[in-house]
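Residue numbers (the working numbering): 214 to 822. Structure, as structure tokens:
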Ligand code: NDP
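Written as structure tokens, this is what we have:
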């Protein structure tokens with residue numbers, strides 16, 4: 214018989230009652246569960262469509278419709294599209310057209326210019342193609358303007374402005390079987406043709422608004438964080454919001470975005486009301502300038518090495534050295550497989566499944582206790598400090614790292630309006646209503662996030678008509694169906710850049726780059742072997758979907774114990790999550806597998822001619 218484990222020996226002092234914490238978590242979750250789940254949000258169409266207008270371009274842009282043909286059309290000018298184009302250029306593809314609805318490249322960094330916007334994944338790993346472009350980020354964590362500039366730098370370096378269609382939204386993609394070409398229709402009345410189309414639409418690109426009663430009655434100023442109105446607030450992404458000096462501002466939402474902009478709002482608004490439904494978990498940031506001596510000491514290949522090191526650590530693996538050494542590697546080290554491995558080593562035997570789960574749960578309580586203690590230490594008012602404490606497991610919501618968010622609640626002009634998990638209930642012509650009280654405000658800022666889990670065509674803004682008139686939204690209505698996440702049967706010469714059924718990692722651009730290299734290999738091979746058309750084989754696709762389902766780490770038990778949010782389909786764990794998941798063995802295994810596929814050179818699972 215195995216000895217039972219002394220968890221305190223593995224985890225240090227366990228000065229808490231796990232059963233009491235679990236009960237508290239479930240109680241807090243129950244306050245937030247609601248029948249309408251994802252339906253609580255309204256789509257930004259019709260009377261709400263102005264919320265997605267582009268505030269960063271001069272109005273009135275027009276150009277003649279295009280009826281020409283390109284070899285590769287890439288939809289999306291964010292990192293996914295840019296990496297795809299970069300790797301294709303390196304493989305010698307000249308005839309590329311980028312199509313992007315925004316006024317410039319940058320994707321999420323084009324849209325999200327709110328004050329304080331920054332990336333909480335280390336810049337030296339996150340910003341793509343640093344060595345290719347000979348660029349070194351200014352800080353360990355980059356601010357949004359630098360990331361936007363870097364996106365434009367990539368576009369210039371790879372000559373992607375040439376032939377690009379900016380301020381152009383796709384309305385429909387259709388496969389023309391007679392000609393083996395994609396027909397691309399847009400809101401500029403284009404009808405272009407392309408041999409290959411790559412879709413890099415981005416996972417969190419469509420803002421959502423809460424379906425709050427009276428939202429349209431409000432007569433004050435209002436916008437979504439991803440369309441920040443600096444004409445109204447003054448200032449820029451670094452702050453200086455002088456337009457708010459005499460304004461009462463209400464911000465709805467306290468997710469990763471709000472955490473970054475609230476310190477600036479608190480600094481400038483006459484009065485700031487933060488309407489909170491669920492507090493975020495806020496750990497320390499510790500940003501700093503790039504050490505120039507360190508930067509100069511780096512040797513060729515350093516970025517890939519650093520990305521790989523980070524990726525192993527955040528995927529539950531072990532490394533002799535933690536090059537990034539930050540909040541991400543810390544929580545992943547303590548709360549994923551690596552913690553279990555270290556414990557096994559210490560014990561000299563493997564942990565049972567039950568022991569492993571218990572270890573993870575206890576480590577999670579411990580971590581979240583530290584997060585809660587941090588709020589208590591930083592925020593002066595006892596009641597406010599208490600309300601800012603998150604009561605859920607670390608990965609129920611996106612962990613946040615920030616050094617000035619919590620201190621903002623010590624300002625006399627900042628009021629936390631906690632809604633006991635119920636959220637804002639109504640909006641009138643002049644005010645926000647929460648907890649039955651009226652808060653008159655001059656401006657409401659929606660920090661309410663982006664659509665997740667809605668249908669493909671609703672989020673993308675277009676649908677794809679494949680062979681025999683099959684629509685992609687229809688094909689995927691009961692779950693995503695792809696081979697490797699990259700191809701879908703019935704949609705020839707179409708490349709999909711996404712983490713569904715493909716690799717997911719904390720450092721998104723890493724997975725995108727791997728996929729971009731893979732796709733460049735594929736198109737290069739087609740060119741070399743005079744292949745005109747390729748398509749996922751139906752059997753291979755079905756086998757891949759089954760493999761994804763079989764390997765899925767989706768745990769209904771974990772998800773349903775979590776407080777609602779977009780990670781768990783607003784408290785209604787979706788059975789399709791298993792199918793729509795990323796590759797369950799993790800990104801390293803996925804990258805290895807794709808490398809082996811390329812080395813084998815047979816384009817296994819694709820039909821081609
Ligand atoms: P989220 O979906 O994370 O947050 C939306 C917020 O709105 C939540 O706090 C939610 O509360 C709140 N909310 C929704 N409806 C109501 C209501 N009726 N009343 C009150 N509050 C309401 O969106 P974000 O834009 O903050 O973040 C989205 C994602 O973007 C992040 O998860 C992250 O992946 C990415 N991001 C990344 C950053 C980075 O540094 N790399 C920085 C910023 C964002 P509740 O929690 O109760 O649902």
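Ideal Cβ positions, reconstructed from N, Cα and C, are used throughout, including at glycine.
Problem - C-alpha gap between residue 643 and residue 772, whole angstroms - result: Mapped onto the chain shown, residue 643 falls at position 430. Mapped onto the chain shown, residue 772 falls at position 559. Here the alpha carbon of residue 643 sits roughly 38 Å from the alpha carbon of residue 772.
Exercise for the section: Taking residue 314 and residue 382 to be in contact with their CB atoms under 8 Å, please state how far apart those CB atoms are, rounded to whole angstroms. Expected result: On the chain shown, residue 314 is found 101 positions in, with the first residue counted as 1. On the chain shown, residue 382 is found 169 positions in, with the first residue counted as 1. With a beta-carbon spacing of about 4 Å, residue 314 and residue 382 fall inside the 8 Å limit used to define contacts.
Problem - Proximity below 9 Å, CB of residue 409 to CB of residue 525 - result: Residue numbering aside, residue 409 sits at position 196 when the chain shown is read from its first letter. Residue numbering aside, residue 525 sits at position 312 when the chain shown is read from its first letter. Taking 9 Å as the Cβ cut-off, residue 409 and residue 525 do not qualify as a contacting pair.
Exercise for the section: Measure the beta-carbon distance from residue 447 to residue 621 and round it to whole angstroms, keeping in mind my assumption that it falls under 8 Å. Expected result: Here residue 447 refers to the residue found at position 234 when the chain shown is read from its first residue. Here residue 621 refers to the residue found at position 408 when the chain shown is read from its first residue. Between residue 447 and residue 621 the beta-carbon gap is near 19 Å, outside 8 Å, which marks them as no contact.
Practice task
Count the other CB atoms, across all protein chains shown, that sit within 10 Å of the CB of residue 426; report buried if there are 16 or more and exposed otherwise.
Solution key: As a first step, residue 426 must be located in the chain shown, where it is residue number 213. With fewer than 16 Cβ atoms within 10 Å of its Cβ, residue 426 is classed as exposed.
Practice task
Give the DSSP-derived three-state secondary structure of residue 408 in the structure shown.
Solution key: Along the chain shown, read from residue 1 onward, the residue named residue 408 stands at position 195. Three-state DSSP puts residue 408 in a strand.
Exercise for the section: Answer yes or no: do residue 340 and residue 363 have a C-beta to C-beta separation smaller than 9 Å? Expected result: Here the question's residue 340 lines up with position 127 in the chain shown. Here the question's residue 363 lines up with position 150 in the chain shown. It is a contact, given that the beta carbons lie within the stated cut-off.
Problem - residue 437: first and last residue of the uninterrupted beta strand (DSSP E) it sits in - result: What you label residue 437 is simply residue 224 of the chain shown in a count that begins at 1. Start and end: 434-437.
Exercise for the section: Could you check what DSSP says for residue 331 in three-state terms: helix, strand or coil? Expected result: As a position in the chain shown, residue 331 is number 118, starting the count at 1. Looking at residue 331 - three-state DSSP - the assignment turns out to be strand.
Practice task
Check whether the Cβ of residue 713 lies closer than 8 Å to any heavy atom of the ligand NDP, and answer yes or no.
Solution key: Taking the chain shown and counting its residues from 1, the one referred to as residue 713 is at position 500. Taking non-hydrogen atoms of the ligand NDP into account, the C-beta of residue 713 is found less than 8 Å away from none of them.
Exercise for the section: Reducing DSSP to helix, strand and coil, say where residue 618 ends up. Expected result: The sequence position of residue 618 within the chain shown is 405, counting from 1. Under the three-state reduction of DSSP, residue 618 is assigned to helix.
Problem - Cβ contact (3+ pairs, closer than 8 Å) linking the region 656-675 and the region 507-517 - result: These segments do not touch.
Problem - Pairwise C-alpha distance: residue 450 and residue 325 - result: Against the chain shown, residue 325 aligns to sequence position 112. Against the chain shown, residue 450 aligns to sequence position 237. About 9 Å.
Practice task
Indicate whether residue 706 and residue 715 have their beta-carbon atoms separated by less than 9 Å.
Solution key: The count along the chain shown starts at 1 and reaches residue 706 at position 493. The count along the chain shown starts at 1 and reaches residue 715 at position 502. Judged by beta-carbon spacing, residue 715 lies beyond the 9 Å limit of residue 706, meaning their Cβ atoms are not closer than that value.
Problem - Heavy atom of the ligand NDP within 8 Å of residue 253 beta-carbon - result: Along the chain shown, one-based indexing puts residue 253 at 40. For the ligand NDP, at least one heavy atom lies less than 8 Å from the Cβ of residue 253.
Problem - Proximity to residue 623 [Cα-Cα], best of 673, 601, 782 - result: Indexing the chain shown from 1 puts residue 623 at position 410. Comparing Cα positions, the closest option is 601.
Practice task
With a threshold of 8 Å, establish whether the CB of residue 816 neighbours any heavy atom of the ligand NDP.
Solution key: For the purposes of this step, residue 816 is identified with residue 603 of the chain shown, where counting begins at 1. It does not: the Cβ of residue 816 is nowhere closer than 8 Å to a heavy atom of the ligand NDP.
Problem - Beta-carbon contacts of residue 486 that lie in its chain and below 6 Å, excluding the five residues immediately before and after - result: Counting from one through the chain shown, the residue named residue 486 turns up at place 273. Excluding sequence neighbours, residue 486 sits near 463, 628, 630, 652.
Exercise for the section: Round the Cβ separation of residue 819 and residue 760 to the nearest angstrom and send it over; I've been treating them as touching at under 8 Å. Expected result: Here residue 819 refers to the residue found at position 606 of the chain shown. Here residue 760 refers to the residue found at position 547 of the chain shown. Wrong, their Cβ atoms sit about 16 Å apart, outside the cutoff.
Practice task
With DSSP as the reference, label residue 842 as helix, strand or coil.
Solution key: Limits of the chain in this structure are 214 at one end and 822 at the other, which puts residue 842 out of reach.
Problem - DSSP-derived helix/strand/coil call for residue 426 - result: By 1-based counting over the chain shown, the position of residue 426 is 213. When secondary structure is reduced to three states using DSSP, residue 426 falls in the strand class.
Practice task
Check residue 486 in the structure and name its three-state DSSP category.
Solution key: Sequence index remark: in the chain shown, residue 486 carries index 273 (1-based). Three-state DSSP puts residue 486 in a strand.
Handout entry: 8 Å Cβ shell around residue 553 - same chain, five flanking residues per side excluded
Key = Locating residue 553 in the chain shown gives position 340, where the first residue counts as 1. The answer, listed in chain order, is 564, 569, 572, 573.
Handout entry: Contact between the region 662-677 and the region 382-399 (3+ Cβ pairs under 8 Å)
Key = Touching, yes.
Handout entry: Euclidean distance between Cα positions of residue 684 and residue 808
Key = If you number the chain shown from 1, residue 684 lands on position 471. If you number the chain shown from 1, residue 808 lands on position 595. Approximately 31 Å between the Cα atoms of the pair.
Handout entry: Exposure of residue 270, with buried meaning 16 or more beta-carbon neighbours within 10 Å
Key = Within the chain shown, the letter at position 57 stands for residue 270. With fewer than 16 other Cβ atoms inside 10 Å of its own Cβ, residue 270 counts as exposed.
Handout entry: Stretch-stretch touch, CB-based, cutoff 8 Å, three pairs: the region 215-224 with the region 575-586
Key = Yes: at least three Cβ pairs fall under 8 Å.
Handout entry: Cβ-Cβ distance between residue 502 and residue 352 below 9 Å
Key = In the chain shown, the residue the question calls residue 502 occupies position 289. In the chain shown, the residue the question calls residue 352 occupies position 139. In this structure, residue 502 places its C-beta atom within 9 Å of the C-beta atom of residue 352.
Problem - Closest by C-alpha distance to residue 607, when choosing among 308, 737, 547 - result: The residue you call residue 607 lines up with position 394 of the chain shown. Looking at the Cα atoms, 547 is the closest of the given residues.
Exercise for the section: For residue 439, count neighbouring C-beta atoms within 10 Å of its own C-beta (all shown protein chains included) and say buried if the count is 16 or more, exposed if not. Expected result: Residue 439 sits at position 226 when you count from the first residue of the chain shown. With a 10 Å radius around the Cβ and a threshold of 16 neighbouring Cβ atoms, residue 439 comes out buried.
Handout entry: residue 777 CB to nearest heavy atom of the ligand NDP below 8 Å
Key = Against the chain shown, residue 777 aligns to sequence position 564. Correct: residue 777 has its Cβ closer than 8 Å to the ligand NDP.
Problem - Spatially closest choice to residue 279 from 349, 343, 404, by CA coordinates - result: What you label residue 279 is simply residue 66 of the chain shown in a count that begins at 1. Checked all of 349, 343, 404; the closest Cα to residue 279 is 404.
Exercise for the section: Go through its chain and collect everything with a Cβ distance to residue 331's Cβ below 7 Å, but skip five positions before and after it. Expected result: Residue mapping note: residue 331 aligns to position 118 of the chain shown, counting from 1. Same-chain partners within the cutoff: 354, 355, 356, 357, 473.
Exercise for the section: Give every residue of the same chain whose Cβ lies closer than 6 Å to the Cβ of residue 593, excluding the five residues on either side of it in the sequence, and list them in chain order. Expected result: The residue given as residue 593 occupies position 380 in the chain shown. Shown here for residue 593: same chain residues with a beta carbon closer than 6 Å to its own, the five before and five after excluded, namely 623 in chain order.
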